[in-house]
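Counting the sequence shown from 1 gives a position; the working numbering is that position plus 24.
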Amino acid sequence: MPGEVRIERVDVHDDAVLAAWHGVAWRADRHDRGENATTWTLPELTAQLRSGRRSRSTAAYVGTVDGTAVAFGVTVLPMLDNTGTAEVAVAVDPPARRRGHGSAMLAHLLAEVGAQGRTTVHAEVDWPWSAAPDGTGTPGVEFARRHGFALGNLEVMRVLRLPVRDDVLDALDPGLGQYAVRSWVGPVPEDLLQAWAEMDASLSTEAPTGDLQVEAQVADTAAVREGEQLLVAQGRTAYRAVAVAPDGTAVGYTEVVTTVHEPGRAYQWGTLVHGDHRGHRLGLALKVAALRLLQSSEDPAGPVDHVLTWNAESNAHMVGVNERLGFVPVERCGIFERRS
């Protein structure tokens with residue numbers, strides 16, 4: 025019937041359909057979040073959809089009304105671990121809201137992942153720092169709750185304006201004692217690959233996850249290299265650092281990523297220090313090293329003027345590290361969970 029939404033899986037090799045699908049999310053995110061919007065650009069999402077990754081399976085769905093794209097949907101399925109879990113994302117073009125299109129898309133995505141045996145579903149929702157801490161009353165949170173999702177973990181998005189002066193970094197740098205830091209741009213060196221894979225995999229359970237149902241990830245060096253190939257295809261550059269113990273073992277890591285498609289912006293990804301080596305301020309040392317590397321490098325997209333990061337609100341130590349560096353809160357992000 026005219027006016028009804030029609031939902032179909034996106035042909036990832038159809039550039040026109042991909043552009044229409046992505047445009048819905050792009051406009052929705054900027055309408056809702058302004059300068060804090062973080063939707064991946066079209067080239068980045070296209071590269072992910074076409075990558076055929078072994079470790080994660082991503083599918084795109086578009087909702088159209090009379091041939092016009094009005095709803096965006098994505099499912100992401102971990103393939104090496106957490107094989108009962110799925111991630112979903114839904115967006116509706118602002119002019120097409122309040123007509124049931126978002127609910128129709130979500131129902132479709134839940135049916136798709138359910139048919140593949142995924143009984144736990146995660147979805148991220150963002151809301152302004154000025155709103156209620158748990159997001160009560162904000163549209164995205166209320167939508168999630170109406171559809172059976174509950175808040176599982178609460179994170180805060182913070183921003184750091186660059187540059188951070190060298191004298192400030194010098195004052196913050198805690199010194200390393202018998203430890204050392206190695207930093208570089210690009211792929212993980214071969215001699216650090218196994219340790220990097222293990223640390224990166226452990227982040228999912230070492231970092232606070234609240235009430236979320238999360239299993240430990242599999243440490244897979246091939247998946248690390250696969251992810252690095254995707255970064256190149258997406259136009260991204262990784263700035264990385266590891267902390268090395270006196271015996272030569274890598275015991276901590278951090279990663280900051282930029283993209284040629286968002287000049288001026290960097291994303292702080294994972295940071296982790298092995299439990300047996302905490303208490304030496306290695307997390308702060310790693311982040312200082314990564315910032316020095318970022319600020320001293322010629323990024324392919326040009327000068328970087330801000331970094332975004334997310335931390336669980338309960339992660340007091342890492343929040344304290346970020347605040348010492350100058351990060352300030354701008355938004356909250358909830359990871360919501362639905363179990364069936």
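Ideal Cβ placement from N, Cα and C applies to all residues, glycine included.
On a CA-only basis, which of the options is nearest residue i? Give me that one, please.
i, options, result
"H46", "L66, H301, D35", "L66"
"A131", "L104, P187, V112", "V112"
"S320", "A336, V248, R189", "R189"
"L255", "Y203, V165, V212", "V212"
"H343", "Q241, R316, S81, K311", "Position check: residue 343 holds Val in this sequence, whereas His was assumed. Measuring from the Cα of V343, the nearest candidate turns out to be K311."
"L308", "G276, R289, D300, L318", "G276"
"W334", "V192, T278, V183", "V183"
Should residue i go down as buried or exposed, given a rule of 16 or more other Cβ atoms within 10 Å for buried?
i, result
"A246", "exposed"
"E355", "buried"
"A71", "buried"
"Q140", "exposed"
"Q292", "buried"
"T144", "buried"
"R142", "buried"
"A93", "buried"
"D194", "exposed"
Give a yes or no on whether the C-beta atoms belonging to residue i and residue j are separated by under 7 Å.
i, j, result
"V205", "A267", "yes"
"E250", "R77", "yes"
"L236", "E361", "yes"
"R51", "D150", "no"
"A135", "F96", "no"
"A84", "V98", "yes"
"V396", "H125", "Residue 396 lies beyond the range of the chain shown here (25 to 364); nothing can be said about it."
"R80", "P102", "yes"
Hey, residue i and residue j are a contact pair by Cβ (cut 8 Å); roughly how many whole angstroms apart?
i, j, result
"V328", "T282", "6 Å"
"E179", "A336", "5 Å"
"A265", "A221", "Their Cβ separation, rounded to whole angstroms, is 16 Å, which puts A265 and A221 out of contact at 8 Å."
"V86", "V34", "5 Å"
"I31", "A128", "6 Å"
"G326", "P353", "That pair is no contact at about 27 Å."
"V331", "V280", "7 Å"
"G27", "V89", "6 Å"
Quick one: does residue i have its CB under 7 Å from some CB of chain D?
i, result
"Q218", "In summary, chain D is missing from the structure at hand, where a single protein chain is found."
Sequence ranges, beta strand (DSSP E) only - wholly within the stretch 57-112, length at least 3: Runs of the beta strand (DSSP E) inside the stretch 57-112: 80-89, 92-102.
Contained beta strand (DSSP E) runs [length at least 3] in the stretch 173-206, N- to C-terminal order: 174-185
Completely contained alpha helix (DSSP H) runs for the stretch 239-312, where each covers 4 or more residues: 245-257
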